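There are 2 protein chains.
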Amino acid sequence: MVLYWNLRRSKPGLSPSSPHPEIKDQWHDGRIPQRSNLRRLKVYTRPLARLIEQLQHLPGIGPKSAQRLALHILKRPEMEVQALAQALLDAKKQVGVCSECFHLSAEPVCEICRAPNRDSHIVCVVADSKDVIAIEKTREYPGLYHVLGGLISPMDGIGPEQLHISPLIKRVSQKKIQEVILAISPSIEGDTTTLYIGQLLKPFTKVTRIAFGLPMGGDLEYADEVTLARALEGRRELD
Amino acid sequence: MVLYWNLRRSKPGLSPSSPHPEIKDQWHDGRIPQRSNLRRLKVYTRPLARLIEQLQHLPGIGPKSAQRLALHILKRPEMEVQALAQALLDAKKQVGVCSECFHLSAEPVCEICRAPNRDSHIVCVVADSKDVIAIEKTREYPGLYHVLGGLISPMDGIGPEQLHISPLIKRVSQKKIQEVILAISPSIEGDTTTLYIGQLLKPFTKVTRIAFGLPMGGDLEYADEVTLARALEGRRELD
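Right under this line is the structure:
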């Protein structure tokens, strides 16, 4: 690529037949790289540059996506942009956590905890609100949740006291909970957290952990050893 | 997958050893699919659902990305979310187009048109502001621009009068323009627009079109026929 630009720069002008020597000179007199460096920051007009910069803070949005999004936004009607900005502000301002289960909620107690048709005897413990959403999407789980807000990770300075563990113990010890399902991803932090909570809850109720094994459509041949070991360990008798 | 769920549903309960028959019954009495359909819309608390919906209007953002972005936003400090919302509103409110070249600009005349060190004798005609940004990023072009705001496309009801073509003719005929470079992508609409503008501008100045051919790093073997034909057609003598 460098070779190519050098080649181009060494050419005499716009085209061999350019009738304007003054243009050639200005374009190829060697001052351009320096001038361009100054100009580099001004490719975008200021409010656009600021929007692109803000969009780049979002996860998975790099400079190219941010530019595409920003230019798209500028083309939309003002109403639509206002709706997006308002949705951002409203979500941030209105959404807190449920005082019962710590799931995201716009009300003091979330819709799941308030639902009369949910089974309040089962509590599923997850690390994060997005895990609640994932489980809700299966449409298979009838019980309630408890969001820890993270996993025990001494490396990152996160101990049990930084998580919503003591409200969970209180909840399980005081209410009629018949089963606590620990739905925490298998990892060093996940296993530590599962073990820790399991020990604390066992005196009060039955504690289970979700199954680990081959994913649906997963090929035994390509499964990693840990998954396979867990699948063997978790084997069940055929009925 | 369907088989799998049916299999699970037909099982007697949470686990064969579940000590709570009432849980089994509620979970597997056949009412769940219906109830879940109702619940489906409530996976997200309302302000979160609205934010996810708004984010999905953006190009390249599907339901999964929108959820990831929204949950990320909820975790950020309020200041940061306000900055993003403000950047959106500011960009939409402040950024208009340059009265001279129709490039995006927060001022009546854009920074490129006002720059004293740009060569005002060359005008590069592009379809869209994002093409200006792309060319600016090459840091090779010293002249000015003219943004058409689209391409002639009778199929979509876009004729020359919907584009900024007459201001271009006026600009070229009144000012000392020594070359107009048409930098429009090769396509049916692009070629039509190039041809149309070329005919109109030829009486006033030299009109050129950017080169089409093999891209840098492109492999001759894998180039499509049209690109290869254009590359042959646009061949130049070695110096």
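For the record, the sequence lines run as chains A and B.
Just add 8 to wherever you are in the first sequence, counting from 1, and you've got my numbering.
Just add 8 to wherever you are in the second sequence, counting from 1, and you've got my numbering.
Note that the Cβ used here is the ideal one computed from N, Cα and C, for glycine as well.
Remember, it's a predicted structure, so these values are computed and weren't measured experimentally.
Kindly give me the distance between the Cβ atoms of residue i and residue j, rounded to whole angstroms, as I take these residues to be in contact under 8 Å.
i, j, result
"B:L66", "A:H80", "6 Å"
"A:I143", "A:L156", "With a Cβ gap of about 14 Å, A:I143 and A:L156 do not count as contacting."
"B:L152", "B:I177", "Between B:I177 and B:L152 the Cβ distance is about 15 Å, and since that is not below 8 Å, they are no contact."
"B:T235", "B:G221", "7 Å"
"B:H111", "B:S137", "5 Å"
"A:A78", "A:L59", "5 Å"
"A:Y204", "A:P175", "About 15 Å separates the two Cβ atoms, so there is no contact after all."
"B:R76", "A:G68", "7 Å"
"B:T216", "B:V180", "Actually they do not touch by this definition, with Cβ atoms about 13 Å apart."
"A:A74", "A:L63", "4 Å"
"A:V105", "A:A114", "In fact, because the Cβ distance is near 10 Å, the residues do not count as touching under 8 Å."
Hey, quick one: how far does the alpha helix (DSSP H) through residue i stretch, first residue to last?
i, result
"B:D127", "Not the alpha helix (DSSP H): B:D127 falls in the beta strand (DSSP E), residues 127-134."
"B:K72", "71-83"
"A:L209", "196-209"
"A:I141", "137-146"
"B:V180", "173-182"
"A:R58", "54-63"
"A:R238", "233-241"
"B:D98", "86-102"
Is residue i close to chain A? Criterion is C-beta to C-beta, closer than 8 Å.
i, result
"B:L246", "no"
"B:R58", "yes"
"B:R76", "yes"
"B:V51", "yes"
"B:L66", "yes"
"B:L236", "no"
"B:D37", "Residue placement at B:D37 is flagged as unreliable, the pLDDT there being 43, under the threshold of 50; the coordinate-derived value follows with that caveat. With 8 Å as the cut-off, B:D37 does not count as an interface residue toward chain A."
Spell out whether any CB of chain B is found under 8 Å from the CB atom of residue i.
i, result
"A:E233", "no"
"A:P116", "no"
"A:S113", "yes"
"A:I185", "no"
"A:P55", "yes"
"A:L135", "According to the sequence displayed, residue 135 of chain A carries Ala and not Leu. A:A135 does not count as touching chain B."
"A:K72", "no"
"A:G272", "Chain A is shown only over 9 to 247; residue 272 of chain A falls outside these bounds and no answer can be derived."
"A:L222", "no"
"A:V89", "yes"
"A:G165", "no"
"A:Q62", "yes"
"A:P124", "no"
"A:D33", "For A:D33, the predicted model reports a pLDDT of 45, less than 50, meaning its position is unreliable and no value from the coordinates is stated."
"A:A239", "no"
"A:D139", "no"
Need the endpoints of the beta strand (DSSP E) that residue i sits in, please.
i, result
"B:R122", "Here B:R122 belongs to no beta strand (DSSP E); instead the alpha helix (DSSP H) covers 119-122."
"A:R217", "214-217"
"B:I189", "187-190"
"A:L152", "151-155"
Run down chain E in chain order and give the residues with a C-beta less than 7 Å from the C-beta of residue i.
i, result
"A:L228", "No chain E appears in this structure, whose protein chains are A and B."
Could you tell me whether the region 96-111 of chain A touches the region 111-121 of chain B, where touching means 3 or more Cβ pairs closer than 8 Å?
no
According to a CB-to-CB cut-off of less than 7 Å, which residues of the region 147-163 of chain A neighbour chain B?
R147, P150
Does the region 181-200 of chain B come close enough to the region 152-161 of chain B that 3 or more CB-CB pairs lie under 8 Å?
yes
Touch check for the region 123-141 of chain A and the region 84-95 of chain B: three-plus C-beta pairs under 8 Å?
no
For the 8 Å Cβ check, are there 3 or more pairs between the region 222-235 of chain A and the region 175-192 of chain A?
no
Are the region 51-70 of chain A and the region 107-119 of chain B in contact at 8 Å, needing three or more beta carbon pairs?
yes
Please name the residues in the region 94-109 of chain A whose beta-carbon is closer than 7 Å to at least one beta-carbon of chain B, in chain order.
A95, L96, L97, D98, A99, K100, Q102, V103
Could you run through the region 187-220 of chain B and flag, in chain order, every residue whose CB is less than 9 Å away from some CB of chain A?
E187, I189, K214, T216
Identify each residue in the region 167-180 of chain A for which the Cβ-Cβ distance to at least one residue of chain B is less than 7 Å, and report them in chain order.
none
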